[in-house]
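Protein chains in written order, with our numbering: chain P, 1303 to 1421; chain G, 6 to 190.
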Amino acid sequence: MSDRLERELKKALQRVEPPAGFAERVLARAAREEAKSAQPRAWFRWFGMSGLRWAVACALCLALAGSAVLYRHQRQEKGEQAKEQVMLALQITSSKLRIASESVQQISGPEQPVRSEEP
Amino acid sequence: MKRIGAIVALVLAVQLAAFAQDWDPGGTLKKLSARASNTVDVTLDQSMLQFAGGFLNSKDPDEAQAKNIISKLKGLYVHSFQFDKPGQYTEQDVAAIQNYLKGPDWIRIVDVRSKSEGQNVQVYFKKEGQQFKGLVVLATQPTQLTFVDLVGPITPEDLRALGGQFGIPKVEVHPNPAGKKGESK
Chain P
1303 MSDRLERELK KALQRVEPPA GFAERVLARA AREEAKSAQP RAWFRWFGMS GLRWAVACAL
1363 CLALAGSAVL YRHQRQEKGE QAKEQVMLAL QITSSKLRIA SESVQQISGP EQPVRSEEP
Chain G
6 MKRIGAIVAL VLAVQLAAFA QDWDPGGTLK KLSARASNTV DVTLDQSMLQ FAGGFLNSKD
66 PDEAQAKNII SKLKGLYVHS FQFDKPGQYT EQDVAAIQNY LKGPDWIRIV DVRSKSEGQN
126 VQVYFKKEGQ QFKGLVVLAT QPTQLTFVDL VGPITPEDLR ALGGQFGIPK VEVHPNPAGK
186 KGESK
């Protein structure tokens, strides 16, 4: 009884050589599976983590560029206003000095400006 | 701690100095502004003048001349009041401004009074040593009062050089070398 069992076991467990190319096929399939499983990770990395970083970086760049444009625009506007004020101030000064000058030049003319005395 | 105190004192001194540039004797300008129908107020300190100078075009003759003038100035203050009718400012208002200009540093070089037009113009220079450090123009008409204060080295020669620019005439001014006040031309 035990001899029979032993024989059957030996028969069942005897070494069987794999068919030709079996190892290559296994390795190839494993590589395919690995590539398949790696694809979603790369996608996630690109559109997930890296994508978020890119989005934040782009938003910061846009905000910086926007701020720079706004600052430049406001500075230009203030500068133009200051320039207009300077020109206005000098024009007013000029017009008053012209009155003084013309009056001084008319001293020998028909209308004599009144010379003031020491205040 | 001492250093912080010194910095605070310096900042306060600078602030006070800047404030003192555009003066308003007895709040006269403020009162006039309240009564005027139209007011022009130009208040430009040195930093603003420098800033404005950056926007003046050197290729434009007027702007180039303006740039040259303001490059030397520490302040440019113009207050012009237009009134609806005569009598809305008083002699006291004018006197309040004139009193400030009676100090020993001030030399009145032009005093023009036209009785027919009721137009008066007085030009003062501020003298420090042998240099002129400021120019004030006080012009009054029955319905207008204008006060111009240029702080900085503006000389009669500068004014002559400005002939034709902004309509500024070649004012023939000859400051009294003795520095006598109230000389009229």
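Idealized CB from N, CA, C, for every residue including glycine.
These figures come from a predicted structure and were not determined experimentally.
Could you list which residues in chain P have their beta carbon closer than 9 Å to that of residue i, in chain order?
i, result
"residue 102(G)", "Going along chain P, no residue has its Cβ under 9 Å from residue 102(G), so there is no contact; the nearest lies around 12 Å."
So is residue i in contact with chain G if we call contact Cβ pairs under 8 Å?
i, result
"residue 1387(P)", "yes"
"residue 1406(P)", "yes"
"residue 1379(P)", "no"
"residue 1402(P)", "yes"
"residue 1416(P)", "Only weak support exists for where residue 1416(P) lies, its pLDDT of 45 falling under 50; the value from the coordinates is given anyway. Answer yes: the Cβ-Cβ gap between residue 1416(P) and chain G drops below 8 Å somewhere."
"residue 1384(P)", "yes"
"residue 1362(P)", "no"
Could you list which residues in chain P have their beta carbon closer than 8 Å to that of residue i, in chain order?
i, result
"residue 74(G)", "1392"
Alpha carbon to alpha carbon, how far is residue j from residue i? Give it in angstroms, no decimals.
i, j, result
"residue 35(G)", "residue 1389(P)", "23 Å"
"residue 1251(P)", "residue 1357(P)", "This structure gives no information on residue 1251(P), because the portion of chain P shown stretches from 1303 to 1421."
"residue 1385(P)", "residue 47(G)", "11 Å"
"residue 65(G)", "residue 159(G)", "21 Å"
"residue 1406(P)", "residue 117(G)", "7 Å"
"residue 1330(P)", "residue 1337(P)", "11 Å"
"residue 1376(P)", "residue 1383(P)", "11 Å"
"residue 1362(P)", "residue 88(G)", "54 Å"
"residue 42(G)", "residue 151(G)", "14 Å"
"residue 1319(P)", "residue 1335(P)", "25 Å"
Counting only C-beta atoms, is residue i closer than 8 Å to chain P at any point?
i, result
"residue 38(G)", "no"
"residue 33(G)", "no"
Listing by chain order, which chain G residues have their CB less than 7 Å from the CB of residue i?
i, result
"residue 1370(P)", "The contacting residues do not exist; residue 1370(P) stays about 18 Å from chain G at best."
"residue 1366(P)", "The contacting residues do not exist; residue 1366(P) stays about 24 Å from chain G at best."
At a CB-CB cut-off below 7 Å, which residues of chain P make contact with residue i?
i, result
"residue 95(G)", "Those within 7 Å of residue 95(G) in chain P number zero; the least Cβ separation is about 17 Å."
Closer than 8 Å by beta-carbon distance: list the chain G residues that pair up with residue i, in chain order.
i, result
"residue 1354(P)", "Ordered by position in chain G, no residue passes the 8 Å Cβ test against residue 1354(P), which lies about 42 Å from the chain."
In chain order, which continuous runs of the alpha helix (DSSP H) of length 4 or greater are located wholly inside the segment 1345-1405 of chain P? Those alpha helix (DSSP H) runs which fall completely within the segment 1345-1405 of chain P and span 4+ residues do not exist here.
What are the complete beta strand (DSSP E) segments, minimum 3 residues, inside the segment 100-132 of chain G? For the segment 100-132 of chain G, the continuous beta strand (DSSP E) assignments of 3+ residues that do not extend past its boundaries occur at 111-119, in sequence order.
What alpha helix (DSSP H) runs, 4 residues minimum, are completely inside the segment 1304-1335 of chain P? Inside the segment 1304-1335 of chain P, DSSP marks whole alpha helix (DSSP H) runs of 4 or more residues at positions 1304-1314, from first to last along the chain.
On the three-pair Cβ rule with 8 Å, is the segment 142-154 of chain G touching the segment 119-126 of chain G? Cβ pair count under 8 Å is three or more, so yes.
The segment 128-135 of chain G contacting the segment 63-83 of chain G, beta-carbon criterion three pairs below 8 Å: These segments do not touch.
Meets three-Cβ-pair contact criterion under 8 Å: the segment 54-62 of chain G and the segment 85-104 of chain G: In short, these stretches do not touch, since the Cβ pair count stays below three.
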